[in-house]
Amino acid sequence: MRALLSAVCCFFLFQVVSAQNSPDCRTAIPVCADAPILGTTDGGGDIDDFDPEVITQTGCLEKGSVSSANIENNTGWFVFRAGTNGQIGFDIESLPVNPGSPITAEWDFALYGPFDETSNENFCTIIGDGSAQPIRCNYEYNETNFTGIGINPIDGREGAPFVKGSQNTYDEWLNVTAGEVYYLYINNYNTNFDDEPEDFILTFTGTSVDEDQDNALDCTLRDQFLGFDIVACEGDPDIVLSALNSPVGPSISNIVWELDADDDGTYETVLATGAGQTELTVSSPNSGRYRVTIESTFGTTVTDDILITFYGTPELDEVRIIDDFVNSDQTDPYNIEIVPVGDGNYEYAINDGEFQDDPIFYDVPPGVNTVVINDKNGCGITEPIEFLVVGYPKFFTPNGDTYYDTWSVFGLEELTNPVVYIFDRYGKLLKQLDTNLGWDGTFNGRDMPSSDYWFRLDYERDDDGIVVATQVRRHFSLVR
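Numbering (mature numbering (1 follows the signal peptide of the UniProt record, and there is no 0)), first residue to last: -19 to -1, 1 to 461.
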């Protein structure tokens, strides 16, 4: 273990007498390397960060043999930001429940990252759904009561890539770049957990820490003691914000919690005041920016704010047809825009295709299509919703297999006074259509040959309140 500078001794004393605990990823505790951190787990937690019905294995962590257990069992979450380039590691040391009692905790860990704060991703969502896998992970039995990244301080065993059954409780060093964000998940997989909180000491190590303990990890992140902004789903369990994770710890003379519901810079509501108001419970769907101001017994004041946004299941407002026979003069290709209700982190797919972030789709098939909207934060997905693009297919195959056996203008009923005339390549009129029954590829009972055919569509369009006679001339192919 390294010696601490005298300048941080007071903070160290606070850390070792005030254990920090956040059992949920979305309220992960920001930490840095300037002092050991006393952490604890108490079996609590508002949400399953890993859906036990879906995620049974992530990295090296696995769902246990106990039917009621899952990957997340008696856990703590921390987040840190690299302050310099270099090598980072950490030690997780088991502590007894009571002084002199046997150590019963069995600590495992998983480290996720690196994450980029400018990406606008919800890091806890992609961790929880398995999109982000651990870059370091260990659940071997801790014979020395230590686990972590780097070198075991008891037996000097150096960390290595995780191999199940290796009995090495340490993983290899982590090389970081300044500005990268990492989430550390610490798990006490003790199946006989009896609700007695169990403590550990988290100490950061590595050459970066040896060279510059105060800056190896960005300690300004700790000023964001309420954590990163939270995106949650309507109906999710309550979110509990804690003032005890602030740099002043329990040395509190007064606390004020406020709400800026519109996130416009005006905190219009005082939610709670008093030294005993160390926690604030935020319930769905009360989105807004929450701020806490803490006055310490030493006369100092610290403050932090956090934006909490609750999203509901996506809803479709409309499918805006940009280009088709009804909405523009461009009649090929057909383009559309998906317009959801409200703001959200959505992705879109049409006709069972791949999802895309862009709500605009180009070259959409004419006729009836389907759209699906997915909330990327895991708040739900719509059922397929149909929409109509008025246009014509470029070919048809009248071979009796029930697929593309006739040709017509899809959505003809959406037009005003439509009439379709079909011609052969020499201009001979073969068929007149004013319904969607379509042309079967015959003339006077005879099959027409494979070739290109022409059509003319006459209809009336409402152009800003003025009825305009409109005519479209195009060609299509008959394929036998």
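C-beta atoms are modelled at their ideal positions from N, C-alpha and C, and glycine is treated no differently.
Reference residue i, options the options, closest by Cα
i	options	result
V460	G446, F404, D433	D433
F209	V162, D136, A242	V162
Q452	Q413, V400, K412, G422	V400
I36	S112, C6, N316, P11	S112
E121	N169, T158, V273, F96	N169
A358	E328, Q337, I135, Y166	For the sequence presented, residue 358 should be read as Asn rather than Ala. Of the listed residues, the one whose Cα sits closest to N358 is E328.
A14	G25, G70, K44, I28	G70
F61	N55, P95, D30	P95
F368	V345, T290, D443, W420	V345
F59	I220, D386, V12	V12
G137	L414, G160, Y151, V370	Y151
A63	L414, P231, T158, L76	T158
T387	E87, N119, G408, T416	T416
P77	L19, I236, N196	L19
residue 462	P231, G216, L225	There is no way to answer for residue 462, as the model of the chain reaches only from -19 to 461.
Cβ neighbour criterion (16 or more within 10 Å) applied to residue i
i	result
G372	buried
T172	Any reading at T172 is ruled out, since the residue's pLDDT is 49, under 50, leaving its predicted position unreliable.
N133	buried
D445	exposed
F279	exposed
Q(-5)	A caution first: Q(-5) carries a pLDDT of 38, below 50, which makes its placement in the model too unreliable to give a value.
P4	buried
S82	exposed
residue 481	The structure shown has nothing for residue 481, since the chain only spans -19 to 461.
T250	exposed
V353	buried
C(-11)	Any reading at C(-11) needs caution, since the residue's pLDDT is 36, under 50, leaving its predicted position unreliable; the model's value is listed next. When all chains shown are included, C(-11) counts as exposed.
R427	exposed
F376	exposed
R7	buried
S268	buried
A(-1)	buried
I447	exposed
S431	exposed
I135	exposed
E34	exposed
E441	exposed
N350	buried
A450	exposed
R117	buried
CB contact below 9 Å: residue i versus chain C
i	result
T262	Checking the listed chains, one finds no chain C in this structure; it contains a single protein chain.
For residue i, the first and last residue of its enclosing alpha helix (DSSP H)
i	result
F291	Where F291 is concerned, there is no enclosing alpha helix (DSSP H), although the beta strand (DSSP E) it sits in stretches over 282 to 292.
C105	104 to 109
T188	188 to 192
Span of the beta strand (DSSP E), counted from its first residue to its last, around residue i
i	result
D304	297 to 304
G94	88 to 96
V263	260 to 263
D433	432 to 444
T21	18 to 22
I73	67 to 75
D356	348 to 356
N316	316 to 321
V460	Per DSSP, V460 belongs to no beta strand (DSSP E) and is neither H nor E.
D386	Unbroken run through D386: none, as it is neither H nor E.
Whole-number beta carbon distance between residue j and residue i, since they are thought to touch under 8 Å
i	j	result
E179	T21	7 Å
G40	Q114	5 Å
F306	L396	7 Å
E74	F127	6 Å
The ligand ZN heavy atom lying under 8 Å from the CB of residue i
i	result
D382	You won't find the ligand ZN in this model; it holds no ligand whatsoever.
Inset, instruction - Count the CB pairs spanning the stretch 185 to 201 and the stretch 102 to 109 that are closer than 8 Å, and state whether there are at least three. - result: Output reads no: the stretch 102 to 109 does not touch the stretch 185 to 201.
Legend entry - Sufficient close CB pairs (3 or more, under 8 Å) joining the stretch 288 to 298 to the stretch 349 to 367: For the pair of segments examined, the stretch 288 to 298 was found to touch the stretch 349 to 367: the number of CB pairs separated by less than 8 Å reaches three.
Inset, instruction - Answer yes if the stretch 299 to 306 comes into contact with the stretch 249 to 268, meaning at least three C-beta pairs across the two stretches below 8 Å, and no otherwise. - result: Between the stretch 249 to 268 and the stretch 299 to 306, the count of Cβ pairs shorter than 8 Å is below three; the stretches do not touch.
Inset, instruction - Examine the Cβ distances between the stretch 330 to 343 and the stretch 273 to 289 and report whether three or more of them are shorter than 8 Å. - result: Flag = no, the stretch 330 to 343 and the stretch 273 to 289 do not touch.
Legend entry - Stretch pair the stretch 195 to 203 + the stretch 93 to 103: three plus CB contacts closer than 8 Å: No: fewer than three Cβ pairs fall under 8 Å.
Inset, instruction - Please determine if the stretch 312 to 325 and the stretch 339 to 348 are in contact, where contact requires at least 3 C-beta pairs separated by less than 8 Å. - result: Yes: the two stretches touch, three or more of their Cβ pairs being nearer than 8 Å.
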